[in-house]
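The sequence shown maps to residues 502 to 878 in my numbering.
Only one structure is covered here, and it is reproduced in the block below.
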Amino acid sequence: MARLALVVLLFFSSIYSVLAQSVTAGLSWNYLSTSNSVKFAYLDSGSRQKSSTYTTLVFVHGDGFNAGVYTNLLPIASDYGFRIVALNRRDYPPTTALSAAELAPLSQGVAGELAFFRERGKELGLFLDAFIQKNNIPAARSDRTGGIVLVGWSLGCMFTHAFLANPDVFTSTILARLNKYVHTVVQHDAGPAQMGFSNPPEYDISLWLEPDLKKRFSLFRDWATGYYRHQNANPVTGNTSTIEFNTPTSQPHTLSKLSPQQLSLLTDFNAFAGSETTLVFMGPDSLKEIMRRALFDPALASVLPNTRVRYYHGGTTPGILVYATWLLEDCAADPFPVYGGKKARDVQVTRSPSGNHFIFYDQPGTALEEFRRAINA
Ligand SMILES: *[C@@H]1O[C@H](CO)[C@@H](O)[C@H](O)[C@H]1NC(C)=O
Numbered sequence: 502m503a504r505l506a507l508v509v510l511l512f513f514s515s516i517y518s519v520l521a522q523s524v525t526a527g528l529s530w531n532y533l534s535t536s537n538s539v540k541f542a543y544l545d546s547g548s549r550q551k552s553s554t555y556t557t558l559v560f561v562h563g564d565g566f567n568a569g570v571y572t573n574l575l576p577i578a579s580d581y582g583f584r585i586v587a588l589n590r591r592d593y594p595p596t597t598a599l600s601a602a603e604l605a606p607l608s609q610g611v612a613g614e615l616a617f618f619r620e621r622g623k624e625l626g627l628f629l630d631a632f633i634q635k636n637n638i639p640a641a642r643s644d645r646t647g648g649i650v651l652v653g654w655s656l657g658c659m660f661t662h663a664f665l666a667n668p669d670v671f672t673s674t675i676l677a678r679l680n681k682y683v684h685t686v687v688q689h690d691a692g693p694a695q696m697g698f699s700n701p702p703e704y705d706i707s708l709w710l711e712p713d714l715k716k717r718f719s720l721f722r723d724w725a726t727g728y729y730r731h732q733n734a735n736p737v738t739g740n741t742s743t744i745e746f747n748t749p750t751s752q753p754h755t756l757s758k759l760s761p762q763q764l765s766l767l768t769d770f771n772a773f774a775g776s777e778t779t780l781v782f783m784g785p786d787s788l789k790e791i792m793r794r795a796l797f798d799p800a801l802a803s804v805l806p807n808t809r810v811r812y813y814h815g816g817t818t819p820g821i822l823v824y825a826t827w828l829l830e831d832c833a834a835d836p837f838p839v840y841g842g843k844k845a846r847d848v849q850v851t852r853s854p855s856g857n858h859f860i861f862y863d864q865p866g867t868a869l870e871e872f873r874r875a876i877n878a
């Protein structure tokens, strides 16, 4: 019986790897291992650089989209003094899938969820460390050039938060390298769910309740790629009537002109319908604790003391992401009421006048300028 199960498993996993290859065949992957059993696939704009003090931006994609969303940044990176690295997270082939044993803690309450994210934060740090060791990249300089900027996007911000929350997992040798290189984490369009906040009543979450997952994925893509007109994205007012949560403008959405085949290079339905669903519906308790550890714990911050954190959102991004940044900005000023923590890191918020959730796809040059502005804020 066990042998039959193994044969069946091998059969399906070989089909799976064939599919994985065909889906991602248009992208040119590099690989780094963070353990004997985990290999990360990543895109890399490479070491041919105009500036010897270039900064390496390492992107961590969101839900249902893979590193392919960043492809428009690669050819222009060195014009802007950047090297662009975009990894595929676990469960996004050709990066190693999460095993049943790795996923098991997600059904074991808050302690399990924290343990799951401690592992994800650890492997992200190990990826950065492996990248530093493999490539002769410039170290961080006091003017914030060189080094590494880790850029989380959307649901990917859960993973960049997990990295910041668990620096005590690394050996002193690894920490010394991370501290020499990683000077900033940019959190691009983080949502409330990624920070342990609840949604406001204005935000229509019905797409997340669509039981047909193919349909849900299509509704999700349509929502995420639209342009939203906000009257006022000024956080001082915090007036939810002035931001648009649900209805995009009539402007054709980002990616709307792509053929199904082109779209398949950037998206991943299996991941969206698989483990990511669990993360989208995670309760706020563990996420609040991850945020407390990531930003508002002086002892943990002193383990990675050089890393600043910048929240950034585009001016025509979905209203919920504007809203989440308002809340975060209030918490950064006074973290105790929500997170029970203290100010521990240099945290700032920046906003673009334009740019939807896919600014890096529509306006890659503007996106790199805006990331630079966020890094220097
Ligand atoms: C919030 O914005 C709406 C729409 O612009 C406006 O009518 C309302 O007076 C504002 N509320 C507050 C408290 O400023």
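The beta-carbon is built from N, C-alpha and C at its ideal position, and this holds for glycine as well.
Bear in mind that the values here come from a model prediction, so they are computed numbers and not experimental data.
Boundaries of the beta strand (DSSP E) harbouring Q688: 683–689, taken from the DSSP string. The C-beta of N589 has 16 or more other C-beta atoms within 10 Å across all chains shown, which makes the residue buried. Q732 places its beta carbon less than 8 Å from that of T743. The segment 653–727 is shown to contain whole beta strand (DSSP E) runs of 3 or more residues at 683–689, in chain order. Summarising the contact set, residues whose Cβ lies nearer than 5 Å to any heavy atom of ligand 1 are, in chain order, N740, S742, T743.
Exclusion of the five residues before and after D786 leaves V611 as the residues of its chain whose Cβ lies within less than 7 Å of its Cβ. Just so you know, the alpha carbons of L759 and R846 end up roughly 41 Å apart. For the options I633, L599, L629, D630, the alpha carbon positioned closest to that of F618 is the one of L599. The criterion of a C-beta distance shorter than 8 Å is not satisfied by V559 and V670. In this structure, T726 is the residue among L796, F837, T726 with its C-alpha nearest to the C-alpha of N747. In the three-state DSSP reduction, F541 falls in the strand class (E or B). Shown here for A802: same chain residues with a beta carbon closer than 6 Å to its own, the five before and five after excluded, namely A845, R846 in chain order.
Contact fails between the segment 709–722 and the segment 683–690, because fewer than three Cβ pairs, one in each stretch, are under 8 Å apart. In the DSSP annotation of this structure, the continuous segment of the beta strand (DSSP E) that includes Q849 starts and ends at 848–852. The beta carbon of T818 sits closer than 6 Å to those of D690, N857, H858, all from its chain and outside the five residues before and after it, given in chain order.
When only Cα atoms are considered, T738 and P594 end up about 43 Å apart. Taking each of N636, D713, K681, T672 in turn and checking the Cα distance to R642, the smallest one comes out for K681.
With fewer than 16 other Cβ atoms inside 10 Å of its own Cβ, I706 counts as exposed. Scanning the segment 774–834 from its first residue to its last, the whole alpha helix (DSSP H) runs of 4-plus residues come out as 776–781, 785–796, 799–802, 820–834.
With respect to the 8 Å criterion, L869 and Y581 are classified as neighbours on the basis of their beta carbons.
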